[in-house]
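Structure, as structure tokens:
There are 2 protein chains.
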Amino acid sequence: MSKKLKIGIFGYGVVGSGLAHVLKNSKGLDASIVKVCVKNAEKERDLDSKLLTTNPDDILNDPEINVVAELIDDAEAAYGIVKKALQKGKHIVSANKKMLAYHVEELIQLQWQHNVSLLYEASACGSIPIIRNLEEYYDNDLLQSVSGILNGSSNYILTKIFNENSDYQIALKEAQDLGYAESDPTSDVGGFDTLYKLILLGVHGFGLFVHPDEVFNCGISNLSTHDIQLASQKGYKIRLIGKVSKVNGNQVNLLVAPKFVKPNEHAYTVDSHYNGVVIQGNFYDNQFMYGKGAGAHPTGSAVLSDITALAYDYKYEYKKLKYYGGLQFTNNMDVEIYLRYSDKKDLSLFNFKEISESLTGKEFNYIIGTLNLSELIKIREQLLEKDIFLAYFGEE
Amino acid sequence: MSKKLKIGIFGYGVVGSGLAHVLKNSKGLDASIVKVCVKNAEKERDLDSKLLTTNPDDILNDPEINVVAELIDDAEAAYGIVKKALQKGKHIVSANKKMLAYHVEELIQLQWQHNVSLLYEASACGSIPIIRNLEEYYDNDLLQSVSGILNGSSNYILTKIFNENSDYQIALKEAQDLGYAESDPTSDVGGFDTLYKLILLGVHGFGLFVHPDEVFNCGISNLSTHDIQLASQKGYKIRLIGKVSKVNGNQVNLLVAPKFVKPNEHAYTVDSHYNGVVIQGNFYDNQFMYGKGAGAHPTGSAVLSDITALAYDYKYEYKKLKYYGGLQFTNNMDVEIYLRYSDKKDLSLFNFKEISESLTGKEFNYIIGTLNLSELIKIREQLLEKDIFLAYFGEE
Chain A
4 MSKKLKIGIF GYGVVGSGLA HVLKNSKGLD ASIVKVCVKN AEKERDLDSK
54 LLTTNPDDIL NDPEINVVAE LIDDAEAAYG IVKKALQKGK HIVSANKKML
104 AYHVEELIQL QWQHNVSLLY EASACGSIPI IRNLEEYYDN DLLQSVSGIL
154 NGSSNYILTK IFNENSDYQI ALKEAQDLGY AESDPTSDVG GFDTLYKLIL
204 LGVHGFGLFV HPDEVFNCGI SNLSTHDIQL ASQKGYKIRL IGKVSKVNGN
254 QVNLLVAPKF VKPNEHAYTV DSHYNGVVIQ GNFYDNQFMY GKGAGAHPTG
304 SAVLSDITAL AYDYKYEYKK LKYYGGLQFT NNMDVEIYLR YSDKKDLSLF
354 NFKEISESLT GKEFNYIIGT LNLSELIKIR EQLLEKDIFL AYFGEE
Chain B
4 MSKKLKIGIF GYGVVGSGLA HVLKNSKGLD ASIVKVCVKN AEKERDLDSK
54 LLTTNPDDIL NDPEINVVAE LIDDAEAAYG IVKKALQKGK HIVSANKKML
104 AYHVEELIQL QWQHNVSLLY EASACGSIPI IRNLEEYYDN DLLQSVSGIL
154 NGSSNYILTK IFNENSDYQI ALKEAQDLGY AESDPTSDVG GFDTLYKLIL
204 LGVHGFGLFV HPDEVFNCGI SNLSTHDIQL ASQKGYKIRL IGKVSKVNGN
254 QVNLLVAPKF VKPNEHAYTV DSHYNGVVIQ GNFYDNQFMY GKGAGAHPTG
304 SAVLSDITAL AYDYKYEYKK LKYYGGLQFT NNMDVEIYLR YSDKKDLSLF
354 NFKEISESLT GKEFNYIIGT LNLSELIKIR EQLLEKDIFL AYFGEE
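Take a look at the structure:
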């Protein structure tokens, strides 16, 4: 049943070298690394230098290679590689959430056309098999929502803040020193990484392709001690949550934002750089999956699981694309938000339907109230320049 | 891709009626119930009476029916039904953990022989897709152990005891009144239900068929307030845990027993009738899956997921049977146990290698020490008659 896998790897950073190490320790699988394409072949690496190349075509044009593991950072370059490799009839394993979030619809068509398999479990929540479970197990129409902590870096920062009274800037610096956050942390703390993963959960959970620009996402970079104190006083932690959920019957919303999390929610228990996902459905209620969301070995082991699956001719079936005909993306959804602001003029941007709490003070001002997400997304660009912080209240 | 499913159901109790209800609300699936075989056709049911029969052959000999959902309690009767249905070329979905624990090896051969599929996700941990994940995702040789709370009834009782200071007998009565425990609770509180599920996790986790009689299992029915107080004083809860783990390099142990659980373990957070499973492996470390372990709708939705999978020709591959050649079951494993006893003569039964704590008192006596599981299993029958309580210390 199992077939011989000849692997070409693009990228030998954290995930690529993690994969090589995991592969070396997985004696059950008949797989070997044939070639590794890197930018700079001179760099010191724990790898036989004969395997190295800087020319992508050495992998793409090698008929012996039947699996391409695409593990580079640059989303546009990754897109070119994956597209070409599919056209060459090679199976793909990718961990590139940004590339997939923008191009997955086209790439699915391509894999069908060329009768190969495109797998990307490692692209969402590292070692947690969330895509595979949405695809294979939560594969009927009972599913109502998938939500959780999908980004380890921002969660590490929020954990330091809420469990150890750390300051945002100090926590960010520490996350960077430990390698949990990039030197430019925008993708993690701005909610973009969470957004890209959420797009993929929408594809496999509800058969819906949503362009990242259509989704409201905001991050934690403006979090202040005022926000932290207020959340703690009210008995909450703040966590950066991605949620895809059925709303209004046959519509689906995607949302990435800081959320006030109660002690009885699963997300409250997810600390440090871990990820945790809650799957909510009719009849089975809440299920929760927890594990390491990032890092060389957890992500490497997720890539390995995809590679093993290829040995058994596994493909995502995209069952939800067939199940659901009429599901539509919507931002027409009321949310209860906390808005902390400095400049009172900024308030005119927000079209609150109802306000339940409002404070104006010397140190800070805030409003808690309800507004429609479709109003919020209109002012997304303006929000980026303001000294405001947003978080929402709601169900897990 | 998806095919028409014509379902014959055996048993219309909690799970059977749950399935019918879930099916009715799953419009995405092309499946219909053709016949339901029950013991007593006269009983009032929320079902078209034309579907009912008391003759198993009305299902087994009906060529139109391509899927049999076996959802009866009686393990021996279930075995006969499943065997015959496989021989008749029908796909099977079963939730009968006891029947499977004893017969799964033979039934797997039969399904291969008759080129049909035998699925049983609902038989272990209700709505948590643990079998599917071991089979499909943790399908390489990185896996080290699978452990957790696999039985909701006993966990409900232990939760009442540890969180609400309830007494064992009162908690058991309450569990029975709520329908979480049977009038004869032996299977749940004696650890047998956990054992049967664990056997299946051993099959899918490590490709190992172990006869239930080979595994040491003990339950919680002798738990006393002394044990509860001691655990609480030391900062533990006691939980009934099933664990299958690699030991001594290429051996595997299965163990069912009460365990002292620390606050930083996942099992500590699993309360009431919920189940929680920790999957531990090289590189990905700990992963945790949590959800409803029993009940009409969670189990019904698990059965539905199997039925949906049949529509896509899904079969368990039993990959581990091929991966692992040399894994052997063993009880040669040292465990640190807490032994509370009344009669000092009983101590002579136990061959402790090392004793770290020992109390003799007016109210109760206990020893904490290390012994080998192979010694413990020899005296299993004798233990049942004694006023002793056993629990172990160890990693999750």
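Protein sequences, first through last, are from chains A and B. Counting in our numbering, the first sequence runs without a single skipped number right up to 399 at its last residue. Counting in our numbering, the second sequence runs without a single skipped number right up to 399 at its last residue. All C-beta atoms, glycine included, are put in the ideal place defined by N, C-alpha and C.
Which of helix, strand or coil DSSP assigns to residue i
| i | result |
| --- | --- |
| ASP77 (chain B) | coil |
| LEU22 (chain B) | helix |
| SER130 (chain A) | coil |
| LYS100 (chain A) | helix |
| ARG48 (chain A) | coil |
| ASN289 (chain B) | strand |
| ASN368 (chain B) | strand |
| ALA260 (chain B) | strand |
| ILE231 (chain B) | helix |
| HIS276 (chain A) | coil |
| MET4 (chain B) | Residue confidence is low: MET4 (chain B) scores 41 on pLDDT, short of 50, so the model does not pin down where it sits. Its coordinate-derived value is still stated next. It is coil, neither helix nor strand. |
| GLY155 (chain A) | helix |
| LYS2 (chain A) | Summary: the structure shown does not reach residue 2 (chain A), with chain A confined to residues 4 through 399, and so no result is reported for it. |
| TYR239 (chain B) | coil |
| THR189 (chain A) | helix |
| PHE355 (chain B) | coil |
| ASN375 (chain B) | strand |
| SER345 (chain A) | coil |
| THR302 (chain A) | helix |
| GLY11 (chain B) | strand |
| ASP337 (chain B) | strand |
| PHE219 (chain A) | strand |
| LYS87 (chain B) | helix |
C-beta contact flag for residue i and residue j at 8 Å
| i | j | result |
| --- | --- | --- |
| CYS40 (chain B) | ILE62 (chain B) | yes |
| THR333 (chain A) | GLY129 (chain A) | no |
| LEU113 (chain A) | GLN147 (chain A) | no |
| GLY222 (chain B) | GLY193 (chain B) | yes |
| SER227 (chain B) | PHE353 (chain B) | no |
| PHE219 (chain B) | ARG383 (chain B) | yes |
| ALA104 (chain B) | PRO215 (chain B) | yes |
| ASN253 (chain A) | LEU330 (chain A) | yes |
| ASN28 (chain A) | ASN285 (chain B) | yes |
| MET336 (chain B) | LEU376 (chain B) | yes |
| VAL107 (chain B) | VAL206 (chain B) | yes |
| VAL213 (chain B) | LEU258 (chain B) | no |
| TYR123 (chain B) | ALA98 (chain B) | yes |
Proximal chain B residues relative to residue i, where beta-carbon distance stays under 9 Å
| i | result |
| --- | --- |
| GLU108 (chain A) | Under the 9 Å cutoff, chain B gives no residues; its nearest Cβ is about 19 Å from GLU108 (chain A). |
| TYR321 (chain A) | Per Cβ cutoff of 9 Å: no residues; TYR321 (chain A) is ~10 Å from chain B at best. |
| VAL96 (chain A) | The contacting residues do not exist; VAL96 (chain A) stays about 13 Å from chain B at best. |
Supposed close pair residue i, residue j - CB separation, criterion 8 Å
| i | j | result |
| --- | --- | --- |
| LYS200 (chain B) | LYS100 (chain B) | 5 Å |
| THR197 (chain B) | LEU161 (chain B) | In fact, because the Cβ distance is near 12 Å, the residues do not count as touching under 8 Å. |
| LEU74 (chain A) | PHE165 (chain A) | About 33 Å separates the two Cβ atoms, so there is no contact after all. |
| TYR395 (chain A) | GLU360 (chain A) | In fact, because the Cβ distance is near 14 Å, the residues do not count as touching under 8 Å. |
| ILE241 (chain B) | ALA234 (chain B) | 5 Å |
| ARG48 (chain A) | HIS229 (chain A) | Wrong, their Cβ atoms sit about 47 Å apart, outside the cutoff. |
| TYR327 (chain B) | GLY210 (chain B) | 5 Å |
| ASN69 (chain B) | LEU8 (chain B) | 6 Å |
Chain A residues whose Cβ lies nearer than 8 Å to that of residue i
| i | result |
| --- | --- |
| SER29 (chain B) | ASN143, ASP144 and LEU145 |
| TYR123 (chain B) | Ordered by position in chain A, no residue passes the 8 Å Cβ test against TYR123 (chain B), which lies about 14 Å from the chain. |
| VAL39 (chain B) | Result: empty, since nearest Cβ-Cβ is about 19 Å, beyond 8 Å. |
| TYR183 (chain B) | By Cβ distance, chain A contributes nothing, its closest Cβ being about 15 Å from TYR183 (chain B), past 8 Å. |
Within chain A, partners of residue i - CB distance below 9 Å
| i | result |
| --- | --- |
| PRO132 (chain B) | ASN136, GLU139, TYR140, TYR141 and GLN290 |
| LEU32 (chain B) | ASN143, ASP144 and TYR326 |
| TYR15 (chain B) | Neighbours of TYR15 (chain B) on chain A: none; closest Cβ ~17 Å, over 9 Å. |
| VAL149 (chain B) | In chain order: nothing, as chain A lies at least about 14 Å away. |
Partners in chain A for residue i, counting only beta-carbon separations shorter than 7 Å
| i | result |
| --- | --- |
| THR311 (chain B) | ASP142 and ASN143 |
Under 8 Å by beta carbon: chain B residues contacting residue i
| i | result |
| --- | --- |
| TYR341 (chain A) | In chain order: nothing, as chain B lies at least about 27 Å away. |
>> Along the segment 269-282 of chain A, where does the CB come closer than 8 Å to a CB of chain B? Name the residues.
In response: Answer set for the segment 269-282 of chain A: HIS269 and THR272.
> Which residues, taken in chain order from the segment 281-308 of chain B, show a beta carbon closer than 8 Å to some beta carbon of chain A?
Replying inline: Going along the segment 281-308 of chain B in chain order, one finds GLY284, ASN285, PHE286, TYR287, ASP288, ASN289, GLN290, PHE291, MET292, TYR293, GLY294, LYS295, HIS300, PRO301, GLY303, SER304, ALA305, LEU307 and SER308 with a Cβ nearer than 8 Å to chain A.
> Listed from N- to C-terminal order along the chain, which residues in the segment 193-217 of chain A have their beta-carbon within a distance smaller than 8 Å of any beta-carbon of chain B?
Replying inline: Under the 8 Å Cβ criterion, the segment 193-217 of chain A contributes no residue.
> What are the residues of the segment 356-375 of chain B that lie near chain A, defined by any Cβ-Cβ distance shorter than 7 Å?
Replying inline: Listed by position along the chain: nothing, the set is empty.
> Using Cβ-Cβ distances below 8 Å, what residues of the segment 243-273 of chain B are close to chain A?
Replying inline: Cβ contacts with chain A come from HIS269 and THR272.
> If you measure beta-carbon to beta-carbon, which residues of the segment 62-77 of chain B are closer than 8 Å to chain A?
Replying inline: Residues: none.
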